[in-house]
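Below is one structure, written out as structure tokens; the observations come after it.
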Amino acid sequence: MSMNNSPNVFVDPNANRFQVNIINESHDNSEASQEDVGSDPPHYEETSFTDEAHNRLRISYRPGKRELYDNFLQNGEKTDASLHPYDTHTKMYYLQTFGHNTMDPVPKIDYYRNTGSVSGNKLSRPSLLEIHEQLAKNIAVSTGSVERVANGESTTGDETAASKEEENKTGFVKFGWVKGVLVRCMLNIWGVMLFIRLSWIVGQAGIGLGIIVIGLSVVVTTLTGVSMSAICTNGVVRGGGAYYLISRSLGPEFGGSIGLIFAFANAVAVAMYVVGFAETVVELLKESDTLMVDESNDIRIIGTITVVCLLGISVAGMEWEAKAQVILLVVLLIAIANFFIGTVIPTNNEKKARGFFNYQASIFAENFGPDFRSGEGFFSVFAIFFPAATGILAGANISGDLEDPQGAIPKGTMLAILITTVAYLGVAICAASCVVRDATGNINDTVVPGMSCNGSSACGLGYDFSRCASQPCDYGLMNNFQVMSMVSGFGPLITAGIFSATLSSALASLVSAPKVFQALCKDNVYKGLHFFAKGYGKNNEPIRGYVLTFVIAMAFILIAELNTIAPIISNFFLASYALINFSCFHASYAKSPGWRPAFRYYNMWVSLFGALLCCGVMFVINWWAALITYAIELFLYIYVTYKKPEVNWGSSTQALYYINALDSALALTTVEDHVKNFRPQCIALTGAPMIRPALLDITHTFTKNNGLCICCEVYTGPRKLCVKEMNSGMAKKQAWLTKNKRKAFYAAVAADSFRDGVKSLLQASGLGRMKPNTLVIGFKKDWRNATATQVENYVGVIHDAFDFELGMIIVRISQGFDISQVLQVQEELEKLEQERLALEATIRENDSEEGKSGICGFFRKATTLNISKHETKKESTINTTQSMHVGEFNQKLLEASTQFQKKQGKGTIDIWWLFDDGGLTILIPYILTIRKKWKNCKLRIFTGGKVNRIEEEKLVMASLLSKFRIKFADINIICDINIKPNKESWKFFEEMIEPYRLHESCKDITTAEKLKRETPWKITDAELEAFKEKSYRQVRLNELLQEHSRAANLIVLSLPVARKGVVSDYLYMAWLEILSKNLPPILMVRGNHKNVLTFYS
21 MSMNNSPNVF VDPNANRFQV NIINESHDNS EASQEDVGSD PPHYEETSFT
71 DEAHNRLRIS YRPGKRELYD NFLQNGEKTD ASLHPYDTHT KMYYLQTFGH
121 NTMDPVPKID YYRNTGSVSG NKLSRPSLLE IHEQLAKNIA VSTGSVERVA
171 NGESTTGDET AASKEEENKT GFVKFGWVKG VLVRCMLNIW GVMLFIRLSW
221 IVGQAGIGLG IIVIGLSVVV TTLTGVSMSA ICTNGVVRGG GAYYLISRSL
271 GPEFGGSIGL IFAFANAVAV AMYVVGFAET VVELLKESDT LMVDESNDIR
321 IIGTITVVCL LGISVAGMEW EAKAQVILLV VLLIAIANFF IGTVIPTNNE
371 KKARGFFNYQ ASIFAENFGP DFRSGEGFFS VFAIFFPAAT GILAGANISG
421 DLEDPQGAIP KGTMLAILIT TVAYLGVAIC AASCVVRDAT GNINDTVVPG
471 MSCNGSSACG LGYDFSRCAS QPCDYGLMNN FQVMSMVSGF GPLITAGIFS
521 ATLSSALASL VSAPKVFQAL CKDNVYKGLH FFAKGYGKNN EPIRGYVLTF
571 VIAMAFILIA ELNTIAPIIS NFFLASYALI NFSCFHASYA KSPGWRPAFR
621 YYNMWVSLFG ALLCCGVMFV INWWAALITY AIELFLYIYV TYKKPEVNWG
671 SSTQALYYIN ALDSALALTT VEDHVKNFRP QCIALTGAPM IRPALLDITH
721 TFTKNNGLCI CCEVYTGPRK LCVKEMNSGM AKKQAWLTKN KRKAFYAAVA
771 ADSFRDGVKS LLQASGLGRM KPNTLVIGFK KDWRNATATQ VENYVGVIHD
821 AFDFELGMII VRISQGFDIS QVLQVQEELE KLEQERLALE ATIRENDSEE
871 GKSGICGFFR KATTLNISKH ETKKESTINT TQSMHVGEFN QKLLEASTQF
921 QKKQGKGTID IWWLFDDGGL TILIPYILTI RKKWKNCKLR IFTGGKVNRI
971 EEEKLVMASL LSKFRIKFAD INIICDINIK PNKESWKFFE EMIEPYRLHE
1021 SCKDITTAEK LKRETPWKIT DAELEAFKEK SYRQVRLNEL LQEHSRAANL
1071 IVLSLPVARK GVVSDYLYMA WLEILSKNLP PILMVRGNHK NVLTFYS
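Per the numbering used here, the sequence shown runs over residues 21 to 1117.
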């Protein structure tokens, strides 16, 4: 069965790749023979007690039969038909899962939500203690609470008052990627620079350097956009834009410092755009000779009036602001189109006098090179232009008001960068190809025959503007900021476009600054600013933030000089961009399993380059402004670090503390755990690591560079001897790990019993946050030949791991793990080889001494040589014989011991995720697939489901996995786990447990009681009857595993839990034996029922 986990598969009903093969009950044996004709899967042990898959039907779900899926997706309806007798994923009744008395819940997204989530209620799954310990006899569960659990509602009351208040509000305005991101970014990027500064920039820098100025800006913004896309697709994004992304990636220290600077930069940007608008209005007043006071003061007056009007629109709510943005975009697009049309309309004498001659190759050639004037240079011109590119965060800044921030922000931002870049380049090249740098505006300045000219392109076109070299002129690219109005087909449209561009950018910044500031204040990073966190209305509008932004904007409007404001804005935005890039690099470098961005087109080193590029550009633009920016950021960083805000966002800084190991261990103890940074930290009961290499290898595969791995050994016996042996072998075994490139630690304890030693390890291992959370042990293959005490200790270790709330992984391979006999033979052979070498050395020494003693020495030498040859031949024969013995009897064991060191070929990892344990069962195989040795293996998911809800169950599981950003190849819904196994399988199970049964029902009461006292470890008839259904399930599961997963490279299976004091040790071992028999390598996994996966960022 194949299911692509792309979200589009479920959206497009015509997707041809959507093909699902459903494993279902069938009463038609005639079709069974058509299933999966191919090569036989490998056999792993001597027998198999299931025939070829019989009574099974594999149904292909075709694209044309999507009614149930479409109904489910569009209407959200879940049809509950009558209960099928073989249902394995039934509606959750009291203490029932799969139709049996167990509190084990099936995987569900609600278990992974944050407390207070507005997208759904958080459910609390039963704790490991609740399903592991005996049921209390006085448990009383009300019908109402059971029904709430069955319906997927929370019974814990975890929802905070704030989230409830938000949920109760109606009429939330949510935007899609076009209206929410693309439109806003385009409007913000197409700001004041497009109409009133781009012609001046291309006049100063020329076409060549002008393209480089635009290109450098685009490189910075594109790299930042890529990094931002990676961060915002790594989970659910809330409100706060760039501040939210940085703070959740790098922590509150960086986030708090840059958040304040970023909000301030947006507030200052309001002033910059409003001043640009006011400049245009003043130009119109100047042309009509109706200035109120003078140019500077008129800019201040008009700017003040404008920002008051914009504040009114913003305070009215996001709905009004969004409507205004759409209108402004339409005007802006018409204005841009008007400019391009104007360039091809034949010019007139008046426009020629002002420097416009339509497209001319001579003008293009003249304007291609730079002509910097008035102290301007490349980077000063770049500093003026760069704020035009800062609009890329306009969509991200209102992330809390987007329907799907994860999809909208990358798509809308990157497309906006592309469209606006093309527009900027087009306008710059067209303007520089049509308009000369200097023009007088006098239509009489024509070239007279016989008159000398300065050789400029204007001269060749019949106009003499040579006097502009000695005195100021009012027209041309260098002198007239309203070049686009002159060139356009209809000048007033350009004026309208200027109004639209400046007002839309100002409006976007006026909305962004309070939104970002409100998110910062809500997080309470700066306790003194919490006053501004309060929101009003159905969209939680930050009215107080609007007022503060208004005050800041007014202060900068009073400066009234656009060229003075722009470099300040550039530094603040560049600092934000640098940290966004660094956040992406840092999160990638930390290598946390929680870093799984859905946006794949990023690279950590490119992000680092983007961060360094931003920092470098800051100093090039204005070195003293860059120093001030860094000083402010450093001060805020130190302040936040000193105050230690009570927040825990699972940042990549926390993950990096772990990688730094011992040097960072002290700092790591001050950082709280977070689900995003969960990694398997394992105690592997390998004994000496070289004795069970395969167990170490599989554990090391999912802990290497990712988590803690401790190889543990328990010494039992006389304490003095044990301690001496333990201490003497510590350095040797750790050195073996280092030599064999195993990133693991070795730990050993001496104890009275194996179980007591493991208890000590479980409690005391680890350092600070580097504390084990998962116990890995090999399956006890010889349990039927072991003593009752040994079996009790083995099962007791499993109980102890659950008591200490550790995850549990039991690994089984067909040949077993212990290669101590092979190592012993090899050690003996090495000793014999050393003795032989020592003997030969001694003979050579004797030869050198006796060779000097004449004829007697000669005969003694010959005799010694013959003896030496005879002994060497004899030892060689022994070595050969023993080597053959090792090769014959231990070859399979040696191959099995190295099977996890080899690169796995193309195949599958089959995950039988039957019970929700917090996600460990799915996280372990995911980590395996990102390793080089396992990267060619695809994940196949098997889970239980109802017969009449198969399609819905597949959709639910696919949705859950896609939210976790975990790719899968197939989803298989098993509908008949609870049918009885076939007679042959059940007979095998009964024969296996027969030696350990008490059979008290066949004896009188006195004899039965006596037997219970003498052999308390035996399986009673009452116990066997009580757990008959569960025993059926284990045997049936093995049949299903044999049928579907015998050809898998690895099987990962939910480990059944036995209640302490209720399920006997031998019955539990029989379950594990029958469950994992005759299969490929299998991991039986049970997490500690705490989340190890999250879909939040």
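Beta carbons: idealized from backbone N, C-alpha and C, even for Gly.
Which value, in whole angstroms, describes the spacing of the CA atoms of residue i and residue j?
i     : j     : result
D990  : V1072 : 15 Å
K142  : E825  : 21 Å
S790  : A821  : The amino acid occupying residue 790 in the given sequence is Met; Ser does not appear at that position. In a straight line, the C-alpha of M790 is about 17 Å away from that of A821.
D340  : P425  : Reading the sequence as shown, one finds Trp at residue 340 and not Asp. When rounded, the distance between both Cα atoms is 21 Å.
V536  : R258  : 11 Å
I947  : I929  : 11 Å
Y483  : V456  : 11 Å
G1160 : T1040 : Only positions 21 to 1117 of the chain appear in this structure, which leaves residue 1160 out of reach.
F526  : N560  : Residue identity check: residue 526 is Ala in the sequence provided, not Phe. Roughly 21 Å between the two C-alpha positions.
E45   : K1048 : Residue confidence for E45 is low, a pLDDT of 39 falling below 50, so the modelled location carries little weight; the figure read from the coordinates is stated next. Answer to the nearest angstrom: the Cα atoms are 22 Å apart.
N956  : Q924  : 7 Å
L594  : F485  : 40 Å
I863  : V845  : 27 Å
A408  : I942  : 46 Å
I1102 : K952  : 20 Å
V239  : F629  : 11 Å
G557  : V817  : 57 Å
Would residue i pass as a contact of residue j if the rule is Cβ separation under 8 Å?
i     : j     : result
V203  : V346  : yes
S798  : V734  : According to the sequence displayed, residue 798 carries Gly and not Ser. Contact: no.
G359  : M504  : The question names Gly, but residue 359 is Phe in the sequence shown. Their beta carbons are under 8 Å apart, which means F359 touches M504 by this criterion.
G786  : A685  : no
A342  : K199  : yes
L1060 : L1099 : no
T721  : F920  : yes
G938  : K759  : no
A916  : Q835  : yes
F837  : A714  : yes
What is the C-beta distance between residue i and residue j, in whole angstroms, given that I count them as a contact (C-beta under 8 Å)?
i     : j     : result
S603  : S247  : 7 Å
C731  : T794  : Actually they do not touch by this definition, with Cβ atoms about 14 Å apart.
E315  : V302  : 6 Å
F1115 : V1055 : Wrong, their Cβ atoms sit about 36 Å apart, outside the cutoff.
T963  : W1006 : The pair is not a contact, with the Cβ atoms about 24 Å apart (cut-off 8 Å).
F698  : P613  : 7 Å
F388  : I227  : 5 Å
E299  : I216  : 7 Å
Leaving out five residues on either side along the sequence, give the residues of the same chain with a beta carbon under 6 Å from the beta carbon of residue i.
i    : result
Y597 : T244 and C634
Q224 : F392, E396 and V401
P534 : P562, G565, Y566 and T569
S249 : P430 and F619
S419 : V257, G259, G261 and P425
A448 : L218, V222 and G230
If I measure Cβ to Cβ from residue i and keep anything under 7 Å in the same chain, skipping five residues before and after, which residues do I get?
i    : result
K724 : K763
Y440 : Per the sequence presented here, residue 440 reads as Thr, with Tyr not at that position. Within the same chain, T440 has close Cβ partners M206, I209 and W210.
V811 : W803, D1085, Y1086 and M1089
C450 : F360 and T363
Return the chain-ordered list of same chain residues with a C-beta closer than 8 Å to the C-beta of residue i, the five sequence neighbours on each side being excluded.
i     : result
V256  : S139, P425, Q426, F1115, Y1116 and S1117
N25   : Note that N25 scores a pLDDT of 42, beneath 50, so its modelled location is shaky and nothing firm can be said.
M1012 : R804, A1090, E1093 and I1094
P390  : Q224, A225, G226, G228, L229 and F398
Across the region 745 to 756 and the region 702 to 717, are there enough close Cβ pairs to call them in contact, namely three or more that are closer than 8 Å? Yes, the region 745 to 756 touches the region 702 to 717.
Is the region 1070 to 1084 touching the region 796 to 810 in the sense that three or more CB pairs, one from each, lie closer than 8 Å? Here the region 796 to 810 makes no contact with the region 1070 to 1084; the two share fewer than three CB pairs at distances below 8 Å.
Three-pair Cβ contact test at 8 Å for the region 540 to 554 versus the region 660 to 669: The region 540 to 554 makes contact with the region 660 to 669: 3 or more CB pairs, one atom from each, lie closer than 8 Å.
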